[in-house]
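S.K.: Protein chains in written order, with the working numbering: chain W, 102 to 496; chain E, 102 to 496.
For every residue, glycine included, the Cβ atom is placed at its ideal position computed from N, Cα and C.
Have a look at the structure that comes next, please.
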DNA sequence: GATAGTTTGTATAGCCAATGAACTTATTCG
DNA sequence: CGAATAAGTTCATTGGCTATACAAACTATC
């Protein structure tokens, strides 16, 4: 209730350090101190001291100076490689794994174990993942791990780091962090798989490829999750349960869903429906499914799913006023097939469509995006608040 | 793209002034300087200088000291009455008007003209409203008008202050601010009626009655608009077109909507449908309609509308993770009638419902809420950034 | 009814961080 | 080689918050 805290002198430092760090990390190409000053409006003197601190803390590095034109050549700055890293973890129906990413966005290390985890025992599986995570951390010796984010396919209470229910894993009411057994000093949180994957689209790839800062990310798998990103910020809702697109009603008279309601999107466009429509097994690889759905006799299956997806998306767009949708998960490869039906729905059902059509594109980061997103989220926290790292480096 | 600006020393002042102003304005009862210090974490010395400036600027006042218990009696602080005011304006299908509100939340003055404005000519009507607004400003001589917000029932591009389309007025592509002819020095914006009404729920009533800071406000009239408020901030979407709940699809095979799509919520729970269901005219007063819908023979009409409303709300809640819905407009009085059908839908369709049921309550501010909300929005801007007012008072 | 006790509000010295202007450094161009 | 140019650094100055001490205004008690 009580607004934001007081602004002390130290707050100035905090904010300006973050501003400088952001400027360098988010820049498409290396900036000099002078560039940063011009871009942020600070004086070169201020930027200089801040940059020095960020270098000292291991968050930025100086690249070799290159001279172009008259004047003293600029010293280009870039995020430091392999000094501070983030750890992304995930358990999903068909694999479990971890990925280590550094501030440059490079994947430093990863372990991914493909395996069917439907109905696996939560404690044992999470203990295995914890072991895997500790292995990764041991292999990252010399680098400081900023934090870990665990992605799970289900309803995660982000305030309590509690998994309420993950229907496809068959898990419910799990406290995953306790079972992982990570060092207590490591900031760790649990998040929904789709939301962390969305963050990967925002930060987890080279700057040029990054998604615009406002979009809806839709992740198709057995369940259909979504994440809402507005102006570079994830919109999680009150408990982090936003984006349950899979249970938006497509037709109230439709088939019953696992969730107990009727006519949910999942029953029209979920992976289970897609595979059975074309006579495949749920464990089929995504590219095989895409191939099979490209065949002429799969056209009605595809257009039915696309229409349902488009209808649900239209509802979301009408509620949220978003003009860009990224399709991830199984849908990534299906974009060309699904797009006609989707855009038709968006065109007719979105009230604002005449003035700004909605873009539907495949998600740029596809490969285990939630792992990258989880790692990137930890790193983002460092960029947004570098002060603790300065203090630690000085101490 | 380029992050936030630099933090100068002056930024500290700006932020702390805002923090103090917020603390006093949002407090349920008057706070002393010492209270503010304790609550914000600043020192009494700092708070003292800041409070003095805010008093000087006419934003706060000292109330007579009351002594209770030992020690020097505290001087209670409160928002100043009738010094700075906000102006809310609105054109809707059945009236046009303006309202002047001060920092205490009191309505200082208002002019409301009940009148059927469907199909009225936009330029003439807005010029009339402009005249009315100038009258109100003249009558508020001695008070400083912080800003004006015009509420319109339609798609408003909040970045360009452009009305794209207001189907119920029959207006399209209007630039309302130019037609109002307000003084150029007055900050003025145009907004959607439902969104400004939602802001009234947040700020426009005595603190105790204020809605919690996260809710969905649904305004039922001919159209059905909604506004999403998360943590005290309106979620407008990219252009301010969020909350088009009236065009969420209830049944893709349903009747055709004015918007061209089929089965929109508006066709099940809009006022037009409600009145024709019970044989009334569209111009009927809201309380007459409520009375008529309370009759036993209106039960199916009510439950059909409630179920549709509940289904659309469930979609919204699944996407947004909000656990409180305020019903405004015609719906305010219908809450007891509609609630059973609505909550049934929410209970079965909202994925998170087992862990946190959704509250459905009538909106606390009902009477021309958009007027109050528009005025309150201007005042909120003053509270959130008092610095310019300090400077003006000093100069 | 004077005095101790308590809390509010104000004054003053000190500190921290950003500024601006001058200065140094490193390059290109003529 | 020197003039021009731009990057980065140094340093006195300024603004704003903190801490500490102090003045003010009240209650409670002997």
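Helix, strand or coil, according to DSSP, for residue 103 of chain E in the structure here?
M.R.: The sequence position of residue 103 of chain E within the second chain is 2, counting from 1. Any reading at residue 103 of chain E must be qualified, since the residue scores a pLDDT of 38, below 50, and its modelled position is unreliable; no value is offered.
S.K.: When you compare only the Cα positions, how much space is there between residue 127 of chain W and residue 352 of chain E?
M.R.: Along the first chain, read from residue 1 onward, the residue named residue 127 of chain W stands at position 26. Along the second chain, read from residue 1 onward, the residue named residue 352 of chain E stands at position 251. So the two alpha carbons sit approximately 44 angstroms from each other.
S.K.: I'd like to confirm the pairing. Which residues does DSSP put opposite residue 293 of chain W in its beta bridges?
M.R.: Translated into the one-based positions of the first chain, residue 293 of chain W becomes position 192. W/253.
S.K.: For a quick check, are the C-beta atoms of residue 498 of chain E and residue 320 of chain E less than 8 angstroms apart?
M.R.: A query on residue 498 of chain E cannot be resolved here, the shown segment of chain E reaching from 102 to 496 and no further.
S.K.: Between which two residues does the beta strand (DSSP E) harbouring residue 162 of chain E extend?
M.R.: Taking the first residue of the second chain as 1, we reach residue 162 of chain E at position 61. Taken as a continuous stretch (DSSP letters only), the beta strand (DSSP E) holding residue 162 of chain E covers 161-163.
S.K.: Please determine if the segment 252-269 of chain W and the segment 303-316 of chain W are in contact, where contact requires at least 3 C-beta pairs separated by less than 8 angstroms.
M.R.: These segments do not touch.
S.K.: Along chain W, in chain order, which residues have C-beta atoms closer than 7 angstroms to that of residue 194 of chain E?
M.R.: Translated into the one-based positions of the second chain, residue 194 of chain E becomes position 93. By Cβ distance, chain W contributes nothing, its closest Cβ being about 18 angstroms from residue 194 of chain E, past 7 angstroms.
S.K.: Would you say residue 107 of chain W reaches chain E, if we count a Cβ-Cβ gap shorter than 8 angstroms as a contact?
M.R.: In the first chain, the residue the question calls residue 107 of chain W occupies position 6. True, the Cβ-Cβ gap to chain E drops below 8 angstroms.
S.K.: Output yes if chain W places a C-beta closer than 8 angstroms to the C-beta of residue 491 of chain E; else output no.
M.R.: By one-based count along the second chain, residue 491 of chain E stands at place 390. Residue 491 of chain E does not count as touching chain W.
S.K.: Kindly list, in the order they appear in chain W, the residues whose Cβ is closer than 7 angstroms to that of residue 412 of chain E.
M.R.: For the purposes of this step, residue 412 of chain E is taken as the residue at position 311 of the second chain. Ordered by position in chain W, the residues that pass the 7 angstroms Cβ test against residue 412 of chain E are 350, 353.
S.K.: When you check each C-beta in the segment 223-246 of chain W against every C-beta of chain E, which residues fall closer than 9 angstroms?
M.R.: Listed by position, the residues of the segment 223-246 of chain W near chain E (Cβ gap below 9 angstroms) amount to none.
S.K.: Which residues mark the beginning and the end of the alpha helix (DSSP H) in which residue 395 of chain W is found?
M.R.: Along the first chain, read from residue 1 onward, the residue named residue 395 of chain W stands at position 294. Residue 395 of chain W -> alpha helix (DSSP H) spans 387-395.
S.K.: Just to check my reading of the structure: residue 178 of chain E and residue 131 of chain E have Cβ atoms closer than 8 angstroms, yes? What is that Cβ distance to the nearest angstrom?
M.R.: What you label residue 178 of chain E is simply residue 77 of the second chain in a count that begins at 1. What you label residue 131 of chain E is simply residue 30 of the second chain in a count that begins at 1. Between residue 131 of chain E and residue 178 of chain E the Cβ distance is about 6 angstroms, and since that is below 8 angstroms, they are a contact.
S.K.: For residue 338 of chain W, count the other beta carbons within 10 Å of its own beta carbon; 16 or more makes it buried, fewer makes it exposed. Which is it?
M.R.: Translated into the one-based positions of the first chain, residue 338 of chain W becomes position 237. Label assigned to residue 338 of chain W: buried.
S.K.: Output the distance between the C-alpha atoms of residue 118 of chain W and residue 488 of chain W, rounded to the nearest integer angstrom.
M.R.: As a first step, residue 118 of chain W is located in the first chain; it is residue number 17 there, counting from the start. As a first step, residue 488 of chain W is located in the first chain; it is residue number 387 there, counting from the start. So the two alpha carbons sit approximately 7 angstroms from each other.
S.K.: Rounded to a whole number of angstroms, what is the C-alpha to C-alpha distance between residue 394 of chain W and residue 465 of chain W?
M.R.: The sequence position of residue 394 of chain W within the first chain is 293, counting from 1. The sequence position of residue 465 of chain W within the first chain is 364, counting from 1. Between residue 394 of chain W and residue 465 of chain W, the C-alpha separation is close to 22 angstroms.
S.K.: Which stretch, first to last residue, makes up the beta strand (DSSP E) that contains residue 467 of chain E?
M.R.: Start at 1 with the first residue of the second chain, and residue 467 of chain E comes out as number 366. Taken as a continuous stretch (DSSP letters only), residue 467 of chain E belongs to no beta strand (DSSP E), as it is neither H nor E.
S.K.: Please list, in chain order, all residues of the same chain as residue 103 of chain W whose beta carbon is under 7 angstroms from its beta carbon, the five residues on each side excluded.
M.R.: Numbered from 1 along the first chain, position 2 holds the residue referred to as residue 103 of chain W. Confidence at residue 103 of chain W is low in this model, with a pLDDT of 38, below 50, so the placement of that residue should be treated as unreliable; the coordinate-derived value is given next. No residues qualify anywhere along the chain.
S.K.: Ignoring anything shorter than 4 residues, give me the alpha helix (DSSP H) runs that lie fully in the segment 281-368 of chain E, in order along the chain.
M.R.: The segment 281-368 of chain E contains these whole alpha helix (DSSP H) runs: 294-304.
S.K.: Which residues bound the beta strand (DSSP E) around residue 437 of chain W?
M.R.: The residue you call residue 437 of chain W lines up with position 336 of the first chain. Note, residue 437 of chain W: premise wrong, no beta strand (DSSP E); alpha helix (DSSP H) at 432-450.
S.K.: Taking the beta carbon of residue 164 of chain W as the centre, do at least 16 other beta carbons fall within 10 Å, making it buried, or is it exposed?
M.R.: Here residue 164 of chain W refers to the residue found at position 63 of the first chain. So residue 164 of chain W ends up on the exposed side.
S.K.: Within 8 angstroms of any Cβ in chain E, is that where the Cβ of residue 120 of chain W sits?
M.R.: If you number the first chain from 1, residue 120 of chain W lands on position 19. Taking Cβ atoms only, chain E reaches closer than 8 angstroms to residue 120 of chain W, which makes this a yes.
S.K.: Which residues, taken in chain order from the segment 138-151 of chain E, show a beta carbon closer than 7 angstroms to some beta carbon of chain W?
M.R.: The residues in question are 140, 141, 142, 143.
S.K.: I'd like the span of the beta strand (DSSP E) that includes residue 62 of chain W, first residue to last.
M.R.: Residue numbering for chain W in the displayed model covers 102 to 496; residue 62 of chain W lies beyond these limits and cannot be assessed.
S.K.: Using a Cβ cut-off of 9 angstroms, which residues of the segment 309-322 of chain E contact any Cβ in chain W, in chain order?
M.R.: Listed in sequence order: 314, 315.
S.K.: Going along chain E, which residues have a C-beta under 7 angstroms from residue 417 of chain W?
M.R.: For the purposes of this step, residue 417 of chain W is taken as residue 316 along the first chain, with counting starting at 1. Chain E residues near residue 417 of chain W: 420.
S.K.: How would you label residue 260 of chain E, buried or exposed, when you count the other beta carbons within 10 angstroms and need 16 or more for buried?
M.R.: One-based indexing of the second chain puts residue 260 of chain E at position 159. By the 10 Å Cβ count, residue 260 of chain E comes out exposed.
S.K.: From residue 314 of chain E to residue 426 of chain E, what distance separates their C-alpha atoms?
M.R.: Position 213 of the second chain, counting from 1, holds the residue named residue 314 of chain E. Position 325 of the second chain, counting from 1, holds the residue named residue 426 of chain E. Roughly 11 angstroms separates the two Cα atoms.
S.K.: Helix, strand or coil: how does DSSP classify residue 384 of chain E here?
M.R.: Against the second chain, residue 384 of chain E aligns to sequence position 283. The answer is coil: DSSP assigns residue 384 of chain E none of H, G, I, E or B.
S.K.: Compare the C-beta of residue 423 of chain W against all C-beta atoms of chain E and say whether one is closer than 8 angstroms.
M.R.: Here residue 423 of chain W refers to the residue found at position 322 when the first chain is read from its first residue. Taking Cβ atoms only, chain E reaches closer than 8 angstroms to residue 423 of chain W, which makes this a yes.
S.K.: Along chain W, which residues have their Cβ under 7 angstroms away from the Cβ of residue 339 of chain E?
M.R.: Position 238 of the second chain holds residue 339 of chain E. Neighbours of residue 339 of chain E on chain W, chain order: 315, 422, 423, 424.
S.K.: Let me know if residue 273 of chain W comes out buried or exposed under the rule of 16 or more other beta-carbons within 10 Å of its beta-carbon.
M.R.: Your numbering for residue 273 of chain W matches position 172 in the first chain. Exposed: under 16 other Cβ atoms inside 10 Å.
S.K.: Measure the alpha-carbon distance for residue 468 of chain W versus residue 141 of chain E and round it to whole angstroms.
M.R.: If you number the first chain from 1, residue 468 of chain W lands on position 367. If you number the second chain from 1, residue 141 of chain E lands on position 40. Looking at the two C-alpha atoms, the distance is approximately 46 angstroms.
S.K.: Might you give, ordered along the chain, the residues of its own chain that have their beta carbon closer than 8 angstroms to the beta carbon of residue 482 of chain E, omitting 5 neighbours on each side?
M.R.: Counting from one through the second chain, the residue named residue 482 of chain E turns up at place 381. Within the same chain, residue 482 of chain E has close Cβ partners 247, 248, 288.
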